[in-house]
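Numbering (this note's numbering), first residue to last: 17 to 74.
C-beta atoms are modelled at their ideal positions from N, C-alpha and C, and glycine is treated no differently.
Here is the structure:
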């Protein structure tokens, strides 16, 4: 995300398009994986409030 200057759950880098791909490529084994990302907020409370008001994150 930092390399692309873009906040997204998906990337356009070959082999790193999803959190699952990125986790696997880093050498981790998992049965389930997820990620929480945020930008622009200045506190943890603001991040949580943003997620709680986002239908897709509740």
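- About 6 Å separates the beta carbons of residue 54 and residue 66, which is inside the 8 Å limit, making them a contact pair.
- Inter-residue distance for residue 43 and residue 49 is about 13 Å (C-alpha atoms, whole angstroms).
- A straight line joining the alpha-carbon of residue 68 with that of residue 40 spans about 29 Å.
- At the C-beta level, residue 51 and residue 35 come within 7 Å of one another.
- DSSP places residue 72 in the helix class (H, G or I) of the three-state scheme.
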